[in-house]
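Residue numbers (my numbering), protein chains in the order written: chain A, -17 to 191; chain B, 67 to 241.
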């Protein structure tokens, strides 16, 4: 639930940057979720969403399935979550232990100018638990986020942390151009993802398959 | 395509769909239910080593497939054509914008061979919408082996770095 005197996105991001698990892959949703993370902690193991609102969570789920030995952290907004709430159910069904879902709950669609959310006061942690993610909590303190991330490696399932956050409507200018295709290529190279090996007359495969 | 996999023209076509995915090294399938595709989805769970993810909505399925491919696993989507109609924003803003190579095996409902009349509006809209959003696609030729056509579609997706939809008729996928 949203309460008064909430921390800012920057407060949570500092806690995240300071307690990022080794080898973590970070997926950020559109707008300041990506821009501010790039400003603070730009690197090839970040996958920045340019648009496609609501799809950061399901993409991160797929990534966690494909890379079970790497911690995957996704930062989604409450508005994005409401757009594709079914993804929460799919996360609950698969329940990958390497997936940490961070929901910025600021009660508004910040990336589109701050329109108030439909039913902004939902208990999203309760919703996540009902969807099958047993480890789901509402958080009001960045230090608690850091503690949760420090304990993430011992989990037996996914975790969803709902971060009560002050809205940030001023767009942060990212320090680099977040080109979508370059983002993908840099990310896959950092992962060591297998290349597609073409065959002139068909039948190409990924390396090693 | 002289080196394409040799396949008997009279082979059981639904079986050949799964055989082709296995042969091409697909490691994951993301699906949303459809009557024609249902048994292929079920058999993909028990007959292959592929990871099968059941999504709640086709646009969500598309994003999951992008994530699995981002993680280095060749991935196919099994969805109905109506599902592709409802994933338009994710298609253009994510899959096409980031150039994810994805094989989409799409049941082509609402064609004259479809006995369920309420699919007709989706059938009529399918190809115009695909062309409108720039989604590369082909209709399966029922007179040619299906495995070969899946291989060609998968190759197109990889070579062009984009999703490619292969529209499947009932006899291609109903067991």
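Just so you know, even glycine gets a beta-carbon here, dropped at the ideal spot from N, CA and C. Being a predicted model, the structure only gives us computed values, none of them experimental.
Practice item. Give a yes or no on whether 9 Å exceeds the smallest Cβ distance from residue 18 of chain A to chain B. Key: Not closer than 9 Å to any Cβ of chain B, the Cβ of residue 18 of chain A fails to qualify, so no.
Check your understanding: Assuming residue 157 of chain A contacts residue 24 of chain A under a Cβ cut-off of 8 Å, what Cβ separation, rounded to an integer in Å, is found between them?
Key -> About 6 Å separates the two Cβ atoms, so the contact holds.
Exercise for review: Output the distance between the C-alpha atoms of residue 234 of chain B and residue 169 of chain B, rounded to the nearest integer angstrom.
Suggested key: Cα to Cα, residue 234 of chain B sits roughly 13 Å from residue 169 of chain B.
**Study point:** Beta-bridge partners of residue 29 of chain A, as assigned by DSSP
**Key:** Beta-bridge pairing links residue 29 of chain A to A:9.
Review point. Does DSSP put residue 229 of chain B in a helix, in a strand, or in coil?
Key: When secondary structure is reduced to three states using DSSP, residue 229 of chain B falls in the strand class.
Practice item. Mind checking who residue 119 of chain A pairs with in its DSSP beta bridge? Key: Residue pairing by DSSP places residue 119 of chain A opposite A:143 in a beta bridge.
Review point. Any beta-carbon of chain A closer than 9 Å to the one on residue 166 of chain B?
Key: Yes, its Cβ sits closer than 9 Å to a Cβ of chain A.
Check your understanding: Is it true that the CB of residue 119 of chain B sits closer than 9 Å to the CB of residue 96 of chain B?
Key -> A Cβ-Cβ contact shorter than 9 Å links residue 96 of chain B with residue 119 of chain B.
Review point. Closest by CA to residue -4 of chain A, which one among A:13, A:5, A:21?
Key: Residue -4 of chain A has its Cα closest to that of A:21, out of A:13, A:5, A:21.
Exercise for review: Compare the C-beta of residue 78 of chain B against all C-beta atoms of chain A and say whether one is closer than 9 Å.
Suggested key: Not one chain A Cβ lies under 9 Å of residue 78 of chain B.
**Study point:** residue 67 of chain A, enclosing alpha helix (DSSP H) - first and last residue
**Key:** For residue 67 of chain A, no alpha helix (DSSP H) encloses it, and the DSSP letter there is neither H nor E.
Review point. Taking Cβ-Cβ distances shorter than 7 Å, what residues in chain B pair up with residue 98 of chain A?
Key: At a beta-carbon threshold of 7 Å, none of the residues of chain B lie near residue 98 of chain A; the nearest stands roughly 22 Å away.
Point to revise | Reduced DSSP secondary structure (H/G/I, E/B, other) of residue 203 of chain B | key: Note: residue 203 of chain B maps to strand in three-state DSSP.
Review point. Rounded to the nearest angstrom, how far is the Cβ of residue 239 of chain B from that of residue 173 of chain B, given a contact under 8 Å?
Key: Right, the Cβ-Cβ distance comes to about 6 Å (below 8 Å), so this counts as a contact.
Practice item. Compute the distance between the beta-carbons of residue 50 of chain A and residue 221 of chain B, then report whether it is under 9 Å. Key: Cβ atoms of residue 50 of chain A and residue 221 of chain B: not closer than 9 Å.
Check your understanding: According to DSSP, is residue 68 of chain B helix, strand or coil?
Key -> Residue confidence is low: residue 68 of chain B scores 38 on pLDDT, short of 50, so the model does not pin down where it sits. Its coordinate-derived value is still stated next. Residue state, collapsed to three classes: coil.
**Study point:** Contact under 9 Å by Cβ, residue 232 of chain B with residue 219 of chain B
**Key:** In contact: residue 232 of chain B and residue 219 of chain B (Cβ atoms closer than 9 Å).
Exercise for review: Return the Cβ separation of residue 148 of chain A and residue -12 of chain A in integer angstroms, given the expectation that the two are a contact with Cβ distance under 8 Å.
Suggested key: With a Cβ gap of about 5 Å, residue 148 of chain A and residue -12 of chain A count as contacting.
**Study point:** residue 111 of chain A, enclosing alpha helix (DSSP H) - first and last residue
**Key:** Residue 111 of chain A: member of the alpha helix (DSSP H) spanning 106 to 112, first to last residue.
Review point. Can you name the residues that DSSP bridges to residue 142 of chain B?
Key: Looking at the DSSP output, residue 142 of chain B shares a beta bridge with B:95, B:169.
Check your understanding: Near residue 36 of chain A, what residues of its chain come up, given a Cβ to Cβ distance below 6 Å and the 5 sequence neighbours on each side ignored?
Key -> Leaving aside the five residues that flank residue 36 of chain A on each side, the residues in its chain whose CB is nearer than 6 Å to its CB run, in chain order, 62, 65, 66.
Point to revise | Delimiting residues of the alpha helix (DSSP H) encompassing residue 114 of chain B | key: Looking at the DSSP string, residue 114 of chain B is not in any alpha helix (DSSP H), and its letter there is neither H nor E.
Exercise for review: Answer yes if the stretch 39 to 46 of chain A comes into contact with the stretch 70 to 78 of chain A, meaning at least three C-beta pairs across the two stretches below 8 Å, and no otherwise.
Suggested key: A contact exists between the stretch 70 to 78 of chain A and the stretch 39 to 46 of chain A.
Point to revise | Residues that residue 58 of chain A contacts on chain B, provided the C-beta gap is smaller than 9 Å | key: Per Cβ cutoff of 9 Å: no residues; residue 58 of chain A is ~11 Å from chain B at best.
Check your understanding: Is residue 58 of chain A helix, strand or coil when you go by DSSP?
Key -> If DSSP states are grouped into helix, strand and coil, residue 58 of chain A belongs with the strands.
Review point. Can you name the start and end residues of the alpha helix (DSSP H) that residue 18 of chain A belongs to?
Key: Start and end: 14 to 23.
**Study point:** Chain-order list of residues whose beta-carbon lies under 7 Å from that of residue 111 of chain A (same chain, five-residue window excluded)
**Key:** Result list for residue 111 of chain A: 118, in chain order.
Review point. Are the beta-carbon atoms belonging to residue 184 of chain A and residue 125 of chain B less than 9 Å from one another?
Key: Going by beta carbons, residue 184 of chain A and residue 125 of chain B fall outside the 9 Å limit.
Exercise for review: Could you spell out where the beta strand (DSSP E) holding residue 165 of chain A opens and where it closes?
Suggested key: Element bounds for residue 165 of chain A: not the beta strand (DSSP E) but the alpha helix (DSSP H), 162 to 173.
Practice item. Name, please, each residue of chain B whose Cβ falls closer than 7 Å to the Cβ of residue 163 of chain A. Key: Neighbours of residue 163 of chain A on chain B, chain order: 164, 165.
Review point. Touch check for the stretch 25 to 33 of chain A and the stretch 166 to 181 of chain A: three-plus C-beta pairs under 8 Å?
Key: Touching, per the Cβ criterion.
Review point. How many Å lie between residue 84 of chain A and residue 181 of chain B at the Cα?
Key: Our two residues, residue 84 of chain A and residue 181 of chain B, have alpha carbons roughly 46 Å apart in a direct line.
Practice item. Return the chain-ordered list of same chain residues with a C-beta closer than 6 Å to the C-beta of residue 107 of chain A, the five sequence neighbours on each side being excluded. Key: Result list for residue 107 of chain A: 118, 119, 120, 144, in chain order.
**Study point:** For residue 185 of chain B, the three-state DSSP class (helix, strand or coil)
**Key:** Helix at residue 185 of chain B.
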